[in-house]
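The block underneath contains the structure these notes are about, expressed in structure tokens.
There are 2 protein chains.
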Amino acid sequence: MRRIAPDRDQLLGIVAEVFREHGYEGASLALIGEATGLGKGSLYHFFPGGKEEMARAVIAHIDGWFEDNVFAPLRDSTDPQAGIGHMFEATDGYFRSGRRVCLIGAFALDESRDLFAGQIRDYFGRWIMRLAEALARSGHRPGEASELAEETVAAIQGALTLARAANDLDVFSRALRRLRMRLGLPAKI
Amino acid sequence: MRRIAPDRDQLLGIVAEVFREHGYEGASLALIGEATGLGKGSLYHFFPGGKEEMARAVIAHIDGWFEDNVFAPLRDSTDPQAGIGHMFEATDGYFRSGRRVCLIGAFALDESRDLFAGQIRDYFGRWIMRLAEALARSGHRPGEASELAEETVAAIQGALTLARAANDLDVFSRALRRLRMRLGLPAKI
DNA sequence: GTCTATAGAGTGATAGAC
DNA sequence: GTCTATCACTCTATAGAC
Numbered sequence: 001m002r003r004i005a006p007d008r009d010q011l012l013g014i015v016a017e018v019f020r021e022h023g024y025e026g027a028s029l030a031l032i033g034e035a036t037g038l039g040k041g042s043l044y045h046f047f048p049g050g051k052e053e054m055a056r057a058v059i060a061h062i063d064g065w066f067e068d069n070v071f072a073p074l075r076d077s078t079d080p081q082a083g084i085g086h087m088f089e090a091t092d093g094y095f096r097s098g099r100r101v102c103l104i105g106a107f108a109l110d111e112s113r114d115l116f117a118g119q120i121r122d123y124f125g126r127w128i129m130r131l132a133e134a135l136a137r138s139g140h141r142p143g144e145a146s147e148l149a150e151e152t153v154a155a156i157q158g159a160l161t162l163a164r165a166a167n168d169l170d171v172f173s174r175a176l177r178r179l180r181m182r183l184g185l186p187a188k189i
Numbered sequence: 001m002r003r004i005a006p007d008r009d010q011l012l013g014i015v016a017e018v019f020r021e022h023g024y025e026g027a028s029l030a031l032i033g034e035a036t037g038l039g040k041g042s043l044y045h046f047f048p049g050g051k052e053e054m055a056r057a058v059i060a061h062i063d064g065w066f067e068d069n070v071f072a073p074l075r076d077s078t079d080p081q082a083g084i085g086h087m088f089e090a091t092d093g094y095f096r097s098g099r100r101v102c103l104i105g106a107f108a109l110d111e112s113r114d115l116f117a118g119q120i121r122d123y124f125g126r127w128i129m130r131l132a133e134a135l136a137r138s139g140h141r142p143g144e145a146s147e148l149a150e151e152t153v154a155a156i157q158g159a160l161t162l163a164r165a166a167n168d169l170d171v172f173s174r175a176l177r178r179l180r181m182r183l184g185l186p187a188k189i
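Chains Y and X, in that order, give the protein sequences. Take 1 as the starting number for the first sequence in the UniProt record's numbering and just add one per residue. Take 1 as the starting number for the second sequence in the UniProt record's numbering and just add one per residue.
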């Protein structure tokens with residue numbers, strides 16, 4: 001038979017955008033079906049657990065992207081400053097300079113939080129931990145590094161909220177510029 | 001007829017909590033009816049525009065609270081530092097030290113943003129503007145004051161998201177403590 | 001026949017409008 | 001309370017690949 005369905009990776013990307021735009025409650029199966037071009041049969045074939053499993057898979061997919069493109073470089077760069085610089089570039093790219101919101105952050109505020117609390121806590125916890133380690137390796141005292149890491153991740157989340165609220169992308173790029181400076185990185189070209 | 005309904009102020013407070021806990025989509029009229037003790041008939045009597053009007057009224061109600069308890073003190077305090085200190089206390093109290101999320105911030109991330117974009121932009125815009133003015137009056141250069149104000153409001157939003165994600169209230173109080181320091185206020189007792 | 005992927009009618013529950 | 005629309009979801013049927 002013909003294979004119309006995109007592979008799982010593409011599929012999760014499309015479903016993620018529906019959740020991102022409409023929230024967990026607002027993302028109806030009708031919308032998801034429309035966006036993916038799949039009928040309910042196919043959707044339930046891929047995700048027997050229904051909408052909840054779709055969301056779980058989407059969160060895991062995003063988490064995996066950050067693991068590969070943000071957390072791992074923070075952990076593995078021999079030069080911690082380079083890892084932190086990489087984090088800012090990847091973050092700016094991922095959120096399309098403020099055009100995109102953080103789906104996991106949005107889920108954290110929603111009632112859907114209870115369903116996905118573990119995944120949400122893990123994602124942010126790992127981000128802060130990897131950044132704190134990199135900051136410690138680049139010379140900050142451990143306690144200070146932890147606070148600075150927490151502050152940085154919170155600032156990114158807040159900037160996404162504010163950029164969206166003000167409908168002004170500059171809010172996000174200004175925030176990233178300030179954070180780069182505070183973390184001792186050279187101003188970006 | 002018997003008057004079971006609380007007055008409009010109380011009513012809006014109750015409806016606000018339902019939106020806060022469940023989001024715009026997730027807050028069903030059944031939930032709202034249950035929380036308020038009002039039937040659908042009464043709800044449509046108070047809010048002929050239905051759920052959308054309820055949300056609009058709730059946002060306006062919250063905005064009014066911040067106007068009175070945060071924005072006005074920032075504008076009117078003869079000592080700008082006192083106004084800023086007052087802002088932190090009111091903010092900490094309002095968000096119950098991180099137990100409560102910012103409904104308007106949550107709406108900003110949701111699809112409901114399109115419905116309430118004007119109100120959302122106004123709220124955050126006024127907060128940042130009043131804070132920037134107070135910072136300018138307390139000695140910061142105007143451009144610096146603007147950036148610092150934006151950074152502060154974003155940090156508060158981000159801390160609320162993170163506190164909720166980590167299920168750890170300390171995230172919020174640590175953020176407020178750092179912000180107080182950065183804005184030149186004495187550490188809180 | 002078996003497996004995977006598909007479409008979509010049909011389920012009861014519940015949504016918001018009135 | 002009544003209305004209709006839509007919700008998440010189930011189920012049956014069907015396709016071609018093996």
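A virtual CB, placed ideally from N, CA and C, is assigned to each residue, including glycine.
Can you list the residues of chain Y that residue i reaches, using a CB-CB cut of under 8 Å?
{"i": "I120 of chain X", "result": "A165"}
{"i": "G125 of chain X", "result": "A166"}
Give the residues of chain X in contact with residue i, contact being defined as C-beta atoms less than 8 Å apart.
{"i": "I156 of chain Y", "result": "G158"}
{"i": "V153 of chain Y", "result": "G158, L162"}
{"i": "A72 of chain Y", "result": "Correct list: empty, because the minimum Cβ distance to chain X is about 21 Å."}
Could you give the first and the last residue of the continuous alpha helix (DSSP H) run that contains residue i?
{"i": "S146 of chain X", "result": "142-166"}
{"i": "L109 of chain Y", "result": "103-109"}
{"i": "E133 of chain Y", "result": "113-137"}
{"i": "L74 of chain X", "result": "72-76"}
{"i": "R178 of chain Y", "result": "170-182"}
{"i": "E67 of chain Y", "result": "No alpha helix (DSSP H) contains E67 of chain Y, which DSSP labels as neither H nor E."}
{"i": "P80 of chain Y", "result": "80-94"}
List the residues of chain Y that residue i touches, going by C-beta distances under 7 Å, in chain order.
{"i": "R113 of chain X", "result": "R164"}
{"i": "A108 of chain X", "result": "T161, R164, A165"}
Starting from the beta carbon of residue i, find every residue of chain Y whose beta carbon is closer than 9 Å, and list them in chain order.
{"i": "residue 211 of chain X", "result": "A query on residue 211 of chain X cannot be resolved here, the shown segment of chain X reaching from 1 to 189 and no further."}
{"i": "G117 of chain X", "result": "Reading off the sequence, residue 117 of chain X comes out as Ala, not Gly. Chain Y residues near A117 of chain X: A165, N167."}
{"i": "E67 of chain X", "result": "Correct list: empty, because the minimum Cβ distance to chain Y is about 17 Å."}
{"i": "E144 of chain X", "result": "Those do not exist, as E144 of chain X stays about 11 Å from chain Y at its closest Cβ, beyond 9 Å."}
At a CB-CB cut-off below 7 Å, which residues of chain X make contact with residue i?
{"i": "A132 of chain Y", "result": "Correct list: empty, because the minimum Cβ distance to chain X is about 13 Å."}
Checklist entry - the region 76-105 of chain X: which residues have C-beta closer than 7 Å to a C-beta of chain Y, in chain order? => result V101, G105
Checklist entry - Taking Cβ-Cβ distances below 8 Å as the criterion, which residues of the region 169-187 of chain Y are in contact with chain X? => result V171, R174, A175, R178
Next on the checklist: So if I threshold CB-CB distances at 7 Å, which residues from the UniProt domain "HTH tetR-type" (5-65) of chain X count as touching chain Y?
Outcome noted: Answer in chain order: E21, H22, G23, E25, G26.
Checklist entry - Which runs of the beta strand (DSSP E) spanning at least 3 residues fall entirely within the region 14-65 of chain Y, listed in chain order? => result Counting whole runs of 3 or more residues, the region 14-65 of chain Y contains no beta strand (DSSP E) stretch at all.
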